[in-house]
Amino acid sequence: MTSLTRRHLLFAAAASPALMALPGHAGAATHDVAISGMAFAPATITIAAGDTIRWTNSDGAPHTATFAGGAPDTGRLNRGDSAELTFEQPGTFDYVCAFHSGMRGRVIVTD
Ligand SMILES: [Cu+2]
């Protein structure tokens, strides 16, 4: 069973209005992060502002990609589930699996 949820991350609470006015650039890409063997792969991914990451869980165990600070996360991903988050703001964002705190990942968003 595959479900697809799409949520948008803004990470903009502390950003200036100028930084929030990023246009949606035509080259926005979607990058895949696999969740397999109790790990994120790649564990660190570098993307451009406006790009989307799609996490897909292939483990039997449920996982999440959960960011600090109450930012939106993927929610629970069962085997075969995917979720996408779009990153509008440059920065470095660490995340964990809410169920397995040893599973860690990092998203680096460049200008
Ligand atoms: Cu997990």
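The C-terminal residue of the sequence shown carries number 112 in my numbering, and the numbering is unbroken.
Note that beta-carbon positions come from the ideal geometry of N, C-alpha and C, so glycine has one too.
Three-state class that DSSP yields for residue i in the structure shown
{"i": "GLY76", "result": "coil"}
{"i": "GLU85", "result": "strand"}
{"i": "HIS32", "result": "strand"}
Own chain residues within Cβ distance below 8 Å of residue i, not counting five before or after
{"i": "THR67", "result": "ASP74, THR75, TYR96, VAL97, CYS98 and ALA99"}
{"i": "ALA40", "result": "MET104"}
{"i": "THR111", "result": "THR47, ILE48, ALA49, ALA50 and PRO91"}
{"i": "ALA44", "result": "ARG105, GLY106 and ARG107"}
{"i": "GLY38", "result": "ASP60"}
{"i": "VAL34", "result": "PHE41, ALA42, PRO43, ILE46, ILE54, ARG55, TRP56, THR57, ALA66 and GLY106"}
Contacts around residue i, its chain only, beta-carbon distance under 7 Å, and the 5 residues preceding and following it disregarded
{"i": "LEU23", "result": "Any answer about LEU23 is weak, because its pLDDT of 49 lies below 50 and its placement is not dependable; what the coordinates show is given next. Only ALA50, GLY51 and GLU89 meet the Cβ criterion."}
{"i": "THR93", "result": "ARG107 and ILE109"}
For residue i, the nearest candidate out of the options (CA to CA)
{"i": "ARG77", "options": "PRO63, THR87, THR47 and GLY71", "result": "PRO63"}
{"i": "ASN79", "options": "THR57, ILE109 and GLU85", "result": "THR57"}
{"i": "ALA69", "options": "SER102, ALA35 and ASP82", "result": "SER102"}
Chain-order list of residues whose beta-carbon lies under 6 Å from that of residue i (same chain, five-residue window excluded)
{"i": "THR31", "result": "THR53 and ARG55"}
{"i": "ALA29", "result": "GLY51 and ASP52"}
Near ligand 3: residue i beta-carbon under 7 Å from a heavy atom
{"i": "HIS101", "result": "Ligand 3 is not among the ligands present in this structure, which contains only ligand 1."}
Could you give the uninterrupted runs of the beta strand (DSSP E) lying entirely in the stretch 49–73, keeping only those of 3 residues or more?
53–58
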